[in-house]
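Below is one structure, written out as structure tokens, with a few remarks after it.
Number of protein chains: 2
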Amino acid sequence: MTEQPIWAAIAAALRAEIAEGARRPGDRLPTEAQLADRFGVNRHTVRRGLAALADEGLVRSRRGAGVYVAPRSTDYQLGRRVRFHRNIEAAGRLPEKRFTLIETRPARPVEAAALGLDETETVVASDGISLSDGSPIALFTSIFPTDRLPGMADALARVHSVTEALRLCGVPDYVRTSTRISGVTADAAQAARLEIRPGAALIHSESINVDTTGRPIEYGQTFFVGERVTLTLDHS
Amino acid sequence: MTEQPIWAAIAAALRAEIAEGARRPGDRLPTEAQLADRFGVNRHTVRRGLAALADEGLVRSRRGAGVYVAPRSTDYQLGRRVRFHRNIEAAGRLPEKRFTLIETRPARPVEAAALGLDETETVVASDGISLSDGSPIALFTSIFPTDRLPGMADALARVHSVTEALRLCGVPDYVRTSTRISGVTADAAQAARLEIRPGAALIHSESINVDTTGRPIEYGQTFFVGERVTLTLDHS
Numbered sequence: 001m002t003e004q005p006i007w008a009a010i011a012a013a014l015r016a017e018i019a020e021g022a023r024r025p026g027d028r029l030p031t032e033a034q035l036a037d038r039f040g041v042n043r044h045t046v047r048r049g050l051a052a053l054a055d056e057g058l059v060r061s062r063r064g065a066g067v068y069v070a071p072r073s074t075d076y077q078l079g080r081r082v083r084f085h086r087n088i089e090a091a092g093r094l095p096e097k098r099f100t101l102i103e104t105r106p107a108r109p110v111e112a113a114a115l116g117l118d119e120t121e122t123v124v125a126s127d128g129i130s131l132s133d134g135s136p137i138a139l140f141t142s143i144f145p146t147d148r149l150p151g152m153a154d155a156l157a158r159v160h161s162v163t164e165a166l167r168l169c170g171v172p173d174y175v176r177t178s179t180r181i182s183g184v185t186a187d188a189a190q191a192a193r194l195e196i197r198p199g200a201a202l203i204h205s206e207s208i209n210v211d212t213t214g215r216p217i218e219y220g221q222t223f224f225v226g227e228r229v230t231l232t233l234d235h236s
Numbered sequence: 001m002t003e004q005p006i007w008a009a010i011a012a013a014l015r016a017e018i019a020e021g022a023r024r025p026g027d028r029l030p031t032e033a034q035l036a037d038r039f040g041v042n043r044h045t046v047r048r049g050l051a052a053l054a055d056e057g058l059v060r061s062r063r064g065a066g067v068y069v070a071p072r073s074t075d076y077q078l079g080r081r082v083r084f085h086r087n088i089e090a091a092g093r094l095p096e097k098r099f100t101l102i103e104t105r106p107a108r109p110v111e112a113a114a115l116g117l118d119e120t121e122t123v124v125a126s127d128g129i130s131l132s133d134g135s136p137i138a139l140f141t142s143i144f145p146t147d148r149l150p151g152m153a154d155a156l157a158r159v160h161s162v163t164e165a166l167r168l169c170g171v172p173d174y175v176r177t178s179t180r181i182s183g184v185t186a187d188a189a190q191a192a193r194l195e196i197r198p199g200a201a202l203i204h205s206e207s208i209n210v211d212t213t214g215r216p217i218e219y220g221q222t223f224f225v226g227e228r229v230t231l232t233l234d235h236s
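For the protein sequence lines, the chains are X and A, in the order given.
Mapping to UniProt numbering: the first sequence position 184 is 184, numbers consecutive.
Mapping to UniProt numbering: the second sequence position 111 is 111, numbers consecutive.
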């Protein structure tokens with residue numbers, strides 16, 4: 001058996017401290033000089049160990065401010081069936097969806113196009129925030145066609161879950177047909193709601209869900225916090 | 001037939017000017033006052049027309065700096081077969097991949113794990129930049145197992161295409177098994193290479209491709225420019 005290089009041993013020691021919770025997300029690691037002292041090596045060796053941890057996404061360096069334990073990101077699976085509560089639970093976290101607005105109003109052009117509606121038709125528009133283990137991970141807007149889903153506004157207000165509300169409105173199942181993903185930075189209002197700094201990276205996703213007959217029943221836009229969520233795709 | 005509201009007519013006129021190329025990505029639109037004057041309406045009506053265009057992603061407002069024609073984003077399809085050149089061509093753009101580094105070196109832990117290698121094995125590591133119609137859209141790192149792909153470093157240097165280089169190394173076809181997507185902001189070095197401002201949003205993707213026997217043959221990390229690329233997923 002080959003002996004572990006010293007930098008790898010340092011990485012392994014810090015990795016174990018993070019895994020055990022002795023160092024938590026957001027904690028600052030000791031300086032390179034302190035770590036060199038602790039392990040009895042030079043700073044070059046410490047730096048190589050830290051670089052390995054950064055490669056794994058376990059730590060992040062902020063220029064001039066040291067090295068921090070990276071936030072634990074929540075995996076969020078995208079595929080033919082995307083269900084918020086189930087997804088967050090599958091990642092071992094506690095899901096919560098808070099609706100901040102539910103209103104019925106005329107469809108906007110982009111919404112009418114996505115849902116295949118006439119522009120004279122109305123939609124149920126809902127806004128809110130998604131949380132994972134109590135930490136805000138996304139702002140969402142979900143748009144539903146009023147005519148196809150009578151009672152949807154009341155149902156959403158009652159059950160705080162899109163899947164449950166759709167079931168109450170006679171849609172027992174639905175599937176996603178498309179997702180479009182781009183990257184943007186948070187403006188001041190988004191940052192305040194998501195408890196991140198303005199300018200932080202957001203993943204913007206736009207999606208369409210259809211019922212079992214293929215009729216669009218939800219057009220969604222979501223802004224995920226880039227460092228708190230990893231969208232995962234299984235292509236197999 | 002119902003008559004079009006005035007705000008919708010204003011949006012349609014500006015949409016046509018953008019579509020015809022009279023207003024190009026990055027161009028600043030006339031001010032609200034100028035547009036109100038041109039169309040003979042009040043500023044409230046102009047604002048509603050501009051809001052519709054912003055909803056469609058055609059224009060963007062920068063606080064205190066007016067309204068601009070949004071950059072034309074390149075659609076990039078993710079799925080079981082992801083091919084850079086084919087993807088960019090499918091979006092009606094000219095693809096180009098420039099390799100800035102091709103080297104053979106020991107596998108890093110995260111690479112060894114992704115490719116199912118022993119940490120004593122070596123990989124061919126390549127770095128580069130992807131362009132669409134001459135505009136930088138992504139920085140990529142592609143890692144290949146040396147043992148499974150003899151001659152890969154030379155092939156990459158010769159053909160500047162992963163798909164072609166793999167074919168030359170005896171891999172006629174490959175499929176993607178997984179993609180992981182998160183959001184980050186560009187550091188100074190990334191920003192300079194991508195010709196964007198430091199702090200601009202990047203989409204970070206991590207992916208694994210396998211050959212037809214299921215053996216991993218490429219581990220990729222890509223940083224897409226958020227405002228120049230839209231990752232698209234077709235779940236049907």
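Built from N, CA and C at the ideal position, the CB exists for glycine as well.
Note that the structure is a prediction, hence the values are computed from the model and not measured.
Helix, strand or coil at residue i [DSSP, three-state]
| i | result |
| --- | --- |
| X:L94 | coil |
| X:N42 | coil |
| X:V227 | Inspection of the sequence shows that residue 227 of chain X is occupied by Glu rather than by Val. It is coil, neither helix nor strand. |
| residue 248 of chain A | Given that chain A is displayed from residue 1 to residue 236, the structure contains no residue 248 of chain A and the question cannot be resolved. |
| A:Q221 | strand |
| X:I6 | helix |
| A:G116 | coil |
| X:I196 | coil |
| A:R81 | coil |
| X:G214 | coil |
| A:P25 | coil |
| A:D37 | helix |
| A:P109 | helix |
| X:E89 | helix |
| A:A201 | strand |
| X:D133 | coil |
| X:R121 | The residue you asked about is not Arg; residue 121 of chain X is Glu in the sequence shown. Three-state DSSP puts X:E121 in coil, outside helix and strand. |
| A:D154 | helix |
Residue i versus residue j: straight-line alpha-carbon distance, rounded
| i | j | result |
| --- | --- | --- |
| A:G40 | A:W7 | 11 Å |
| X:D55 | A:V124 | 17 Å |
| A:R86 | A:L233 | 16 Å |
| X:A12 | X:R215 | 52 Å |
| X:C169 | X:V162 | 10 Å |
| A:L101 | A:S142 | 10 Å |
| A:Q190 | A:R148 | 31 Å |
| X:D118 | A:K97 | 43 Å |
| X:I217 | X:L139 | 20 Å |
| A:G220 | A:E206 | 6 Å |
| A:A70 | A:V59 | 5 Å |
| A:A201 | A:R93 | 22 Å |
| X:R180 | A:T230 | 6 Å |
| A:A36 | A:T222 | 44 Å |
| X:R108 | X:A90 | 34 Å |
| A:V67 | A:G26 | 9 Å |
| residue 238 of chain X | A:G49 | The structure shown does not extend to residue 238 of chain X, since chain X is modelled only from 1 to 236, so the question has no answer here. |
Chain A residues whose Cβ lies nearer than 9 Å to that of residue i
| i | result |
| --- | --- |
| X:S178 | T232, L233, D234, H235, S236 |
| X:P109 | A8, A11, A52, D55, E56 |
| X:S161 | The premise fails here: X:S161 is roughly 21 Å from chain A at the closest Cβ pair, so nothing lies under 9 Å. |
Other residues of its chain near residue i: CB distance less than 7 Å, five sequence neighbours each side excluded
| i | result |
| --- | --- |
| X:A165 | M152, A155, L156, V159 |
| X:M1 | Any reading at X:M1 must be qualified, since the residue scores a pLDDT of 44, below 50, and its modelled position is unreliable; the value itself is stated next. Hits under 7 Å: none found. |
| A:D211 | V171, Y174, I217 |
Residues near residue i by beta carbon distance below 8 Å, same chain, minus five either side
| i | result |
| --- | --- |
| A:P30 | R38 |
| X:E20 | none |
Residues that residue i contacts on chain X, provided the C-beta gap is smaller than 7 Å
| i | result |
| --- | --- |
| residue 322 of chain A | Absent from the structure is residue 322 of chain A, since the part of chain A shown begins at 1 and ends at 236. |
Contact list for residue i against chain C, beta-carbon separation under 9 Å
| i | result |
| --- | --- |
| X:R80 | Judged by its chain identifiers, the structure shown contains no chain C, and its protein chains are X and A. |
Amino acids of chain A, ordered along the chain, whose beta-carbon sits closer than 8 Å to that of residue i
| i | result |
| --- | --- |
| X:A200 | T185 |
Contacts of residue i in chain A (Cβ-Cβ under 7 Å)
| i | result |
| --- | --- |
| X:G49 | Those do not exist, as X:G49 stays about 11 Å from chain A at its closest Cβ, beyond 7 Å. |
Problem set entry | Contact set between the stretch 73-104 of chain X and chain A, restricted to residues whose Cβ is under 7 Å from the partner | Result list: S73, L78, G79, R80.
Problem set entry | Residues in the stretch 121-147 of chain X having any Cβ partner in chain A nearer than 7 Å | Against chain A - using a Cβ distance shorter than 7 Å - the stretch 121-147 of chain X contributes no residues.
For this session: With 8 Å as the C-beta to C-beta threshold (strictly closer), list the residues of the stretch 208-224 of chain X near chain A in chain order.
Result: For the stretch 208-224 of chain X, the set of residues with a beta-carbon nearer than 8 Å to any beta-carbon of chain A comprises F224, in chain order.
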